[in-house]
Amino acid sequence: QWDGKDLFELQIPTYRADITGEIDIIEEIARIYGYDNITPVEPKYHGSELPHAAMYLFEKKARSHMLSRRLQEFITCDLIGPTLLNVIKVNCMPADATIQVLNPTSIEQSILRTSLLPGLLQLVKYNHDHQNSHLAGFEIGRIHFKSNGNYKEQSMLGIVMAGDADLAHWSRKSSKLDFFDLKGVIESFLSGIGIKNLTFIISSLNTFHPGRQLTIHLGDLKIGALGEVHPAIIKRLDVPERILFAEINLHDLYQMRIREEKILDLPLFPASERDWTITISKEVPIADVFDKIRSISSELLEEVTLIDIYESDKLGKDVRNATFHFIYRDKQKTIAQATVDAEHSRIVDGAIKNGLRSL
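Have a look at this one:
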């Protein structure tokens with residue numbers, strides 16, 4: 002029955018148990034009328050997929066790079082307890098920045114972490130107690146703290162390494178993971194996501210071994226730290242292995258990333274190469290030498306790399322030889338050897354006059 006307006010009252014035969022709703026009736030009408038007789042039209046509603054948050058995609062990129070370095074991903078709890086903090090005895094933030102949980106289910110889950118360090122150290126301890134002393138992994142997680150009366154949350158990348166660098170094999174002697182293995186992973190990661198002008202500065206954080214720690218800087222911004230966990234903390238954990246740890250602020254790193262990567266054309270003209278060896282004090286960081294060179298370089302200097310460091314008793318116990326490799330190229334024409342010699346001499350002399358003293 003039809004009321005002549007918008008209302009239809011239909012009686013469904015008992016043998017048509019497949020008709021249960023309005024859409025089934027519409028389908029029956031269309032089938033009887035003929036699908037070919039219906040003029041196709043576009044739907045009035047166009048659905049669209051919401052894009053992922055930019056920070057989520059950045060974390061995903063960081064995670065992919067860590068996995069490509071053969072690091073295992075770890076996931077630890079945001080909640081920690083006073084027992085773990087007493088073992089570490091190092092608070093990564095001021096005490097008034099710590100956030101206490103009002104109604105914790107357990108005393109060991111009563112504090113929101115201000116660093117990924119406690120959870121990852123607990124993970125190393127657990128694995129060591131279960132006969133797994135060789136670890137190399139990372140975690141991308143949140144830390145929580147109070148600042149100026151506000152509650153804040155930041156995304157962090159934590160890396161922890163301990164034990165042997167390679168699997169045991171009869172053909173070679175296993176080597177232990179060290180500070181430079183961790184530093185290499187960080188340099189590779191930051192280079193892979195397009196971070197330039199990276200600086201490592203000697204630090205004095207209580208978390209790390211006094212002589213094996215650095216802070217990571219992009220310009221004037223500190224984005225993280227790395228080092229060997231302090232021996233006193235390792236002793237309290239009762240783990241007979243050196244533990245390496247690094248923590249990087251992904252939120253700050255995201256703000257400093259290169260938003261558009263540029264693809265350079267292949268060079269059309271050949272390069273010319275030179276080497277330079279300088280005797281310097283062991284107290285002089287190699288980064289300072291690079292800074293002196295780059296401060297007076299021109300467009301002809303395409304690249305400069307460190308290729309060798311030599312130390313010996315004959316040379317002197319407080320000095321070392323550092324050899325650098327220079328690549329010169331003119332993008333407009335084939336560069337003349339005389340031009341290269343003049344430019345190389347200018348840079349070398351300028352670096353020495355700029356405070357880089359050869360002993």
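Counting along the sequence shown from 1, when you hit position 153 you're at 154 in my numbering, and nothing is skipped either side. Cβ coordinates follow ideal geometry from the N, Cα and C atoms, glycine included. Owing to the predicted nature of the structure, the values given are computational and were not obtained by experimental measurement.
Close CB contacts of GLU274 within its chain, under the 7 Å cut and outside five residues either way in sequence, are with HIS326, PHE327 and ILE328 (chain order).
ARG321 counts as buried, since at least 16 other C-beta atoms from the protein chains shown sit within 10 angstroms of its C-beta. Here the region 61 to 81 lies against the region 134 to 145, with 3 or more beta-carbon pairs under 8 Å apart. Membership of THR340 in the alpha helix (DSSP H) is indicated by the continuous run 338 to 354. LEU251 and GLY195 have their alpha carbons spaced roughly 14 Å apart. Across the structure, ALA288 and TYR46 are spaced so that their CA atoms are roughly 59 Å apart. In this structure the region 213 to 226 does not touch the region 276 to 284; the number of beta carbon pairs closer than 8 Å is below three. GLU248 sits buried, since 16 or more C-beta atoms from the chains shown fall within 10 Å of its C-beta. Around the beta carbon of PRO119, a 10 Å sphere encloses 16 or more other beta carbons of the protein chains shown; the residue is thus reported as buried. Scanning its chain for C-beta atoms nearer than 8 Å, with the 5 sequence neighbours on each side dropped, one finds around LYS184 the residues PHE201, LEU215 and LEU227, in chain order. Shortest Cα-Cα distance from TYR255 to any of ALA63, ASP7 and ILE112 involves ALA63.
Runs of alpha helix (DSSP H) with 4 or more residues, each lying fully within the region 213 to 290, are found at 232 to 238 and 251 to 257, listed in chain order. Each residue's CA atom was taken as its position, placing VAL125 and LYS174 some 23 Å apart. Beta-bridge annotation (DSSP): ALA55 is not paired with any residue. The residue among ILE297, SER107, ALA233 and ASN38 with its C-alpha nearest the C-alpha of ILE348 is ILE297. In this structure, TRP277 places its C-beta atom within 9 Å of the C-beta atom of HIS345.
Under DSSP, GLU154 forms a beta bridge with HIS145. In its chain, beyond the 5 residues on either side, LEU219 have a beta carbon closer than 6 Å to the beta carbon of MET257.
Under a 10 Å Cβ-count criterion, ALA163 is classified as buried, with 16 or more other Cβ atoms of the shown protein chains found around its own Cβ. With 16 or more other Cβ atoms from the protein chains shown falling within 10 Å of its own Cβ, GLY225 counts as buried. Distance check between LEU8 and each of LYS223, GLU23 and LEU265 places GLU23 closest, using alpha-carbon atoms only.
Burial check for VAL240: the Cβ neighbour count within 10 Å reaches 16 or more, so the residue is buried. Under the DSSP assignment, VAL320 falls in the beta strand (DSSP E) whose first and last residues are 320 to 329. Assigned with DSSP and collapsed to three states, GLN73 falls in strand. The beta carbon of LEU206 lies closer than 8 Å to those of GLN214, THR216, ALA226 and GLY228 in the same chain, with the five residues before and after it left out. Here DSSP, grouped into helix, strand and coil, assigns PRO211 to strand. The shortest C-alpha to C-alpha distance from HIS145 to any of THR106, PRO95, ILE39 and THR340 is the one to PRO95. For GLU10, no alpha helix (DSSP H) segment is defined, and its DSSP state is neither H nor E. Across the set SER172, LEU222, LEU158 and SER116, the C-alpha of LEU158 shows the shortest separation from the C-alpha of MET56.
Per DSSP, the beta-bridge partners of MET162 are ALA137 and LEU245. Cβ contact annotation for LYS223 (same chain, cutoff 8 Å, sequence separation greater than five): THR216 and ILE217, in chain order. One thing to note: ILE187 has its Cβ no nearer than 9 Å to the Cβ of THR208.
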